[in-house]
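Each remark here refers to the structure printed beneath this line.
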Amino acid sequence: MFDEEDLIPISALQHVLFCERQYALIHLEQLWEENRFTAEGNVLHERVDIEHHETRKEYKVEYSLAIRSLQYGIIGKADVVEFEKDDAGGIVSVVLVEFKRGKNKEEDHDRVQLCAQALCLEEMFDCAIAEGQFYYLGEHRRRSVDLSQELREKTTGLIDRIRKIAASGVTPEAVYEKRKCDRCSLFDICMPKVVDNGGKDVARYVQNQIRRNIHDEDATRKEEGECEDY
Ligand code: SF4
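Going letter by letter, the sequence shown gives residues -11 to 218 in the working numbering.
Structural data, given as structure tokens:
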């Protein structure tokens, strides 16, 4: 069992699956930059992140429910959790629903997050959850996800990997991959094209940055009437 102070945020799972360097920059070095994808995701969750619940006799819905698992050492929030109860108030079923922008994705980034949330709920409410659901805004419908043994092992494997990287305290080197780097929120901080070739382009990059800064300063001074072209 893990202590409260050792819990890993569930959001770290999708970061480490996307890119281990991105995970380390965000969670170890505390660097973060908003891009269109993260901004849209945040707006979506702000809409859901108003903690409240609805209760009927045999049905209860929790919104933005704080969750954690001391067994796996993870913590986070679940967008929507629907509880079905029997006459005595015992839990009959738990339905976990996560809101996402866009459409269903090939990659498992969202699915491992959903699985981690289910692991928390199973521990908290001593129940078994066979599947979770996504509500993709781009599709306007719920989509079920089988919380298979394979997905559970992938999820717990990522948790172990996060603990190993965190224990090492070392941020992995950048490896530029167009498919992911070009949509990464940390592209400007990470500079994968510069770092990926052993820093050979660093001098050229710094020179270009200096030239660009000088150009920007000149442009500002011109606008302010301090500098003229000859
Ligand atoms: S820019 Fe690429 S290498 Fe750098 S953190 Fe993002 S995905 Fe990883």
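Positions of the beta carbon are idealized from the N, C-alpha and C atoms, including for glycine.
Got a sec: does the ligand SF4 put a non-hydrogen atom nearer than 8 Å to the Cβ of A104?
no
Pick from A12, L109, L19, D74 that is closest to I55, judged by C-alpha positions:
L109
Look up S57 in the DSSP assignment and give the residues it is bridged to.
I62
Measure the C-alpha to C-alpha separation of E70 and M179 and round it to an integer number of angstroms.
43 Å
Alpha carbon to alpha carbon, how far is L5 from A116? Give it in angstroms, no decimals.
25 Å
So L125 and Q105 are supposed to be a Cβ contact under 8 Å. How far apart are they, rounded?
Incorrect: roughly 19 Å between the Cβ atoms, too far for contact.
The ligand SF4 and L174: does any heavy atom of the ligand fall closer than 8 Å to the residue's C-beta?
yes
Indicate whether the contact test is met: 3 or more Cβ pairs, each with one atom in the stretch 167 to 175 and one in the stretch 119 to 134, closer than 8 Å.
no
Entirely enclosed beta strand (DSSP E) segments - the stretch 59 to 119, minimum 3 residues
62 to 73, 79 to 88
Taking 8 Å as the cut-off, does the CB of A162 come closer than this to any heavy atom belonging to the ligand SF4?
yes
Tell me which residues share the same chain as V80 and place their Cβ nearer than 7 Å to its Cβ, disregarding the 5 neighbours each side in the sequence.
E72, K73, D74
Applying the criterion that 16 or more other CB atoms from any shown protein chain within 10 Å of the CB defines a buried residue, is G77 buried or exposed?
exposed
Nearest-angstrom Cα separation, counted from L58 out to E(-8):
7 Å
Report all residues from its chain with a CB closer than 6 Å to the CB of K91; omit the five preceding and five following residues, and keep chain order.
Y124, G126, E127
S136 versus C103 - alpha carbon distance:
9 Å
For the beta strand (DSSP E) holding S132, just list the boundary residues, first then last.
129 to 134
When the distance is taken between beta carbons, is L1 closer than 9 Å to T143?
yes
Distance check for E86 and S132, CA to CA, integer angstroms please.
10 Å
Kindly examine the ligand GTP and report whether one of its heavy atoms sits closer than 8 Å to the Cβ of L84.
What this structure holds is the ligand SF4, not the ligand GTP.
Between which residues of its own chain and D134 is the CB-CB distance below 8 Å, once the five residues before and five after are set aside?
A118, E119
Please indicate yes or no: does the CB of K168 lie closer than 8 Å to some heavy atom of the ligand SF4?
yes
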